[in-house]
Every structure is written in C-alpha cells, then in structure tokens.
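Residue numbers (my numbering): 72 to 281.
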C-alpha cells in the first residue's frame, strides 16, 4: 500500500496508486504558513515495519491501526502563549526496525531536537550530543539499539557524526566536525549490520558557506 498526504488528508492507495481512500482528515488550510497553519497540517506518514500501523503528524504524533481504521494519539503537541519554555511540537520521523519505538522530531520555542518514544509505555527519551543540539540526518542501527545522526552545515548546530543509544539517549562523537581549523561535513549516515557506516562526507579548510 501507499500512504500520502493530499489537501491535508491522509490517503492510502494500492501499490499502483489506485483505490485511494481518506483515512484521516486535517482541517482546511488557508492563508500563509504561520504557527497555527503548521500545527494544523497533516504530515509525515510513516509505515511501521509490519505494515499494520501508520504514524502521522497532526497536532502531535498519531497512530492509525490499519485493520480497524482507528487513530490514537501517541504524543500531543503542547503549546503555550504564556510559557514558551513549555512548547513541544512532535512530528514522527522513523520507526525502529522492530517497530517497538518511534523516532520523532521535536520543535521547541528556540531550537529543535530528536527523541525516541517507546510504544509499550509511551515513555520519551531525548537524544543528546556532546556538541549541543541534535540534528539533522538520522538513521536507526539494524538492531535498534542506537541511532546515528549527522550534520553537514556549520552554524546553529555543529557539523559531524554522532551515535546515541535509545535507552539513555546519551550521544557520543564519531566524527568531530571541527578540528585544527578544518571542517568535516557529514550527511545521510547508514549503519550496516556488522557495525560499519555508509555516509556522505566532505571537508573544508575554510568556513563552509550554506
């Protein structure tokens, strides 16, 4: 099956794109993409590994049970006009290989990050990095015990390559993005079953421009 978003509705069709149907509907969107527009947008449909559940973003992280057609909220977005520090915007990103956890993107009042939600108890573990904010390309290890993340730009977030275990969220540096005046830019990491990595990398002796 194919899942996609059209006119702020979550659609499912067969593999050839036929027999499409609406399985979740967001509100009608109009105007410019302001904060309210973003919070009302349906986005990021993600199939579970067994194809029985579809995660999607709409006011948080939602799970659609394909067999019954019913949706449940795994984690709701939190907004606050009086306490910006309490704002949490949740969007699904990637399922773990065994389907027991879901990597999600988190938006804050100032900044963003990544967290792992454990479906069994809806617990949340924030991923950390020795170099500050966690961003921007991420992938699960085949055994689901850790997540690798990388960044190919220099600025608000450091460049480099890191890995964090999903139990504690603690990250370690695999490639330091800045050493002795040289910058290492890494993107799209992919961990192989026997522990090695594929990734794109470039280096620069000058401050890299966007």
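Yeah, the Cβ is synthetic: ideal placement off N, Cα and C, and Gly gets one too.
Quick caveat: nothing in here was measured; it's all calculated off a predicted structure.
For the beta strand (DSSP E) containing residue i, name the first residue and the last one.
i, result
"residue 268", "268 to 275"
"residue 184", "183 to 189"
"residue 195", "194 to 197"
"residue 150", "Counting along the chain, residue 150 falls outside any beta strand (DSSP E), and DSSP gives it neither H nor E."
In the DSSP assignment, what residue or residues form a beta bridge with residue i?
i, result
"residue 163", "175"
"residue 209", "220"
"residue 73", "84"
Do residue i and residue j have their C-beta atoms closer together than 8 Å?
i, j, result
"residue 125", "residue 118", "yes"
"residue 108", "residue 99", "no"
"residue 188", "residue 175", "yes"
"residue 212", "residue 197", "no"
"residue 260", "residue 210", "yes"
"residue 144", "residue 114", "no"
"residue 271", "residue 262", "no"
"residue 237", "residue 172", "yes"
Smallest Cα separation from residue i: which of the options?
i, options, result
"residue 245", "252, 237 and 256", "256"
"residue 229", "208, 238 and 123", "208"
"residue 165", "116, 254, 221 and 194", "116"
"residue 231", "239, 200 and 190", "200"
"residue 250", "274, 148, 264 and 241", "274"
"residue 162", "170, 178 and 154", "178"
"residue 240", "265, 254 and 194", "194"
Just to check, is the beta-carbon of residue i closer than 7 Å to a non-hydrogen atom of the ligand GTP?
i, result
"residue 234", "Ligands are entirely absent from the displayed structure, and the ligand GTP is therefore not among its contents."
*Hey, which unbroken runs of the alpha helix (DSSP H) at 4 residues or more fall wholly within the region 93 to 133?*
106 to 110
*Give, in chain order, every unbroken run of the beta strand (DSSP E) that is at least 3 residues long and sits entirely within the region 230 to 260.*
231 to 236 and 242 to 247
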